[in-house]
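**Q** Numbering (the working numbering), first residue to last: 12 to 85.
Here a beta-carbon is modelled for each residue, glycine too, at the ideal position from N, C-alpha and C.
Here's a structure for you.
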Ligand code: FES
């Protein structure tokens, strides 16, 4: 299911971004090398981030490893 219609970001992709270190809704856009347009997805992406954290809490994957895409973002 899409959580950002402007950029075609799905819940599954939010989970991927969270696993790579995204902590805020705009981090998710940065991870996918795009930017928020209308901003209507802030609440939905934030909720998807919380859900992704809960879903991955028992996984061995680090939740907050800084990906290269975020480390270089200004
Ligand atoms: S729906 Fe995400 S920026 Fe518009």
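With a threshold of 16 other CB atoms inside 10 Å of the CB of residue 30, please say whether the residue is buried or exposed.
**A** Residue 30 is buried by the Cβ-count criterion.
**Q** Have a look at residue 45 and residue 39 and give me their C-alpha separation to the nearest angstrom.
**A** Taking the straight line joining both Cα atoms gives about 9 Å.
**Q** Should residue 52 be listed as close to the ligand FES, given that the test is whether its C-beta is under 7 Å from any heavy atom?
**A** Indeed, a heavy atom of the ligand FES lies less than 7 Å from the Cβ.
**Q** With C-beta atoms as the reference, is residue 56 less than 8 Å away from residue 15?
**A** Yes, the Cβ-Cβ distance between residue 56 and residue 15 is below 8 Å.
**Q** Considering only residues of the same chain and omitting the five flanking positions on each side of residue 43, which have a CB-CB separation below 8 Å?
**A** Cβ within range, chain order: 18, 20, 24, 28.
**Q** Whose C-beta lies closer than 6 Å to the C-beta of residue 12 among residues of the same chain, with five residues either side of it excluded?
**A** Excluding positions up to five away in sequence, the list reads 22.
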